[in-house]
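J.: Per numbering that gives the first Met the number 0, the very first residue in the sequence shown carries number 0; after that it's consecutive. Even glycine gets a Cβ: it sits at the ideal position worked out from N, Cα and C.
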Amino acid sequence: MTRPRTPATYFDAMYRDAEDPWSLAERWYERRKYDLTVAALPRPRYRRAFEPGCSVGELTRRLAGRCDAVLACDRVEAAVETARRRTAGLPNVSVHRLLLPEEWPEGSFDLIVLSELLYYLDDATLDAFLRRTVSALEPEGTLVTVHWNHEVADHLTTGDGIARRVGAQPGLVPLADHREPDFVLQVHQKTTAGGHRPAGVAAREGLA
Ligand SMILES: C[S@@+](CC[C@H](N)C(=O)[O-])C[C@H]1O[C@@H](n2cnc3c(N)ncnc32)[C@H](O)[C@@H]1O
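1) Is Glu115 near Arg96, with beta carbons less than 8 Å apart?
2) Between the segment 136-144 and the segment 105-121, are three or more C-beta pairs nearer than 8 Å?
3) In three-state DSSP terms, what is Trp21?
4) Ignoring anything shorter than 3 residues, give me the beta strand (DSSP E) runs that lie fully in the segment 162-189, in order along the chain.
5) Residue ranges of each beta strand (DSSP E) run of no fewer than 3 residues wholly in the segment 46-81, ordered along the chain?
6) For Leu208, is the classification buried or exposed, using 16 other Cβ atoms within 10 angstroms of its Cβ as the cut-off for buried?
7) Pairing CB atoms from the segment 14-21 with CB atoms from the segment 51-58, are three or more of them under 8 Å?
8) Between which two residues does the alpha helix (DSSP H) containing Val37 stretch?
9) My parser needs the beta strand (DSSP E) runs of 3 or more residues fully inside the segment 91-166; what are they?
10) Cβ-heavy atom distance between Gly52 and ligand 1 below 7 Å?
11) Nearest to Thr8 by alpha carbon, out of Thr1, Asp67, Asp153, Ser107?
12) For a test of the three-state rule: what should DSSP assign to Arg15, helix, strand or coil?
13) In this structure, how does DSSP classify Thr86 when only helix, strand and coil are distinguished?
14) Find the nearest neighbour of Leu70 within the set Pro51, Gln185, Ala78, judged by alpha-carbon distance.
15) How would you call Arg85, buried or exposed, if buried means at least 16 neighbouring beta carbons within 10 angstroms?
16) Which residues in the same chain have their Cβ closer than 7 Å to the Cβ of Lys32, if we skip the five residues on either side of it in sequence?
17) Just to confirm, are His195 and Leu174 a CB contact at a threshold of 8 Å?
18) Under the three-state reduction of DSSP, which class applies to Thr8: helix, strand or coil?
19) Counting beta carbon pairs with one atom in the segment 1-15 and one in the segment 88-95, are three or more of them shorter than 8 Å?
20) Is Val75 a contact residue of ligand 1, with contact defined as CB to any heavy atom under 7 Å?
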């Protein structure tokens with residue numbers, strides 16, 4: 000039997016005790032990981048990005064530099080308020096309170112970033128989340144997943160476990176796979192409208 004998804008009370012308690020419960024703004028570990036995440040994006044520029052589980056908006060701020068628009072969201076109102084405050088100078092960012100995957104935004108995206116989020120979901124909810132993600136991605140759109148890879152009591156799976164689930168999703172083609180003992184960072188592309196493998200970075204510039 001699979002464990003149930005992490006309850007609202009867990010996240011509410013985290014944000015009751017601290018504005019930035021995971022010290023995302025301060026830790027060098029997090030800053031380096033965010034820089035690697037953004038560096039792995041295969042396109043210089045995106046039209047519309049979706050970042051579920053944005054917490055206090057640290058990765059959001061970095062994504063804003065590469066995207067015309069970023070829709071960030073979190074299930075906890077306190078996190079949403081902090082992320083809004085920290086991205087207040089970025090007119091291309093909007094932050095909303097949404098519980099995913101049940102509350103899903105309208106429209107499509109050419110970039111979706113799932114960072115340190117999916118290990119809170121039980122098997123059925125994770126499947127539903129990934130199906131909605133692939134369906135909201137435009138053809139040839141980019142999906143980034145990046146997750147802590149150590150066993151943690153609060154997490155239902157690891158970065159390796161999530162990589163297996165993402166790899167099993169129809170309609171996605173792997174582009175990059177960066178594994179460290181601490182985390183797994185992967186980039187997938189959605190297939191073309193005709194169901195084919197999208198061009199790689201070099202091919203898009205006529206190099207290959
Ligand atoms: C560990 S933090 C990661 C923050 C950020 N993505 C990063 O990588 O720095 C996880 C965040 O996801 C949010 N979250 C967890 N489950 C969620 C869900 N089902 N829908 C929306 N947000 C969720 C939590 O409230 C928390 O702020």
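T.: In brief:
1) No, Cβ-Cβ distance for Glu115 and Arg96 is not below 8 Å.
2) At 8 Å Cβ cutoff, the stretches touch.
3) In the three-state reduction of the DSSP assignment, Trp21 falls in the coil class, being assigned neither a helical nor a strand state.
4) For the segment 162-189, whole beta strand (DSSP E) runs of length 3 or above, ordered along the chain, are 171-178, 182-189.
5) Segments of the beta strand (DSSP E) lying fully in the segment 46-81: 66-73.
6) The structure shown has nothing for residue 208, since the chain only spans 0 to 207.
7) Judged by pairs of C-beta atoms under 8 Å, the segment 14-21 touches the segment 51-58, as three or more such pairs exist.
8) Unbroken alpha helix (DSSP H) run through Val37: 27-38.
9) Counting only runs that start and end inside the segment 91-166, the beta strand (DSSP E) elements of at least 3 residues fall at 92-96, 108-114, 136-147.
10) Shortest gap from the CB of Gly52 to any heavy atom of ligand 1: under 7 Å.
11) Looking at the Cα atoms, Asp153 is the closest of the given residues.
12) Residue state, collapsed to three classes: helix.
13) Coil.
14) Among Pro51, Gln185, Ala78, the Cα nearest to that of Leu70 belongs to Pro51.
15) So Arg85 ends up on the buried side.
16) Excluding its 5 nearest sequence neighbours in each direction, Lys32 has C-beta neighbours in its own chain below 7 Å: Val145, Phe182, listed in chain order.
17) Not closer than 8 Å, so no.
18) In this structure, Thr8 counts as helix in the three-state DSSP scheme.
19) At 8 Å Cβ cutoff, the stretches do not touch.
20) Yes; taking the cut-off as 7 Å, the Cβ of Val75 has a heavy atom of ligand 1 nearer than that.
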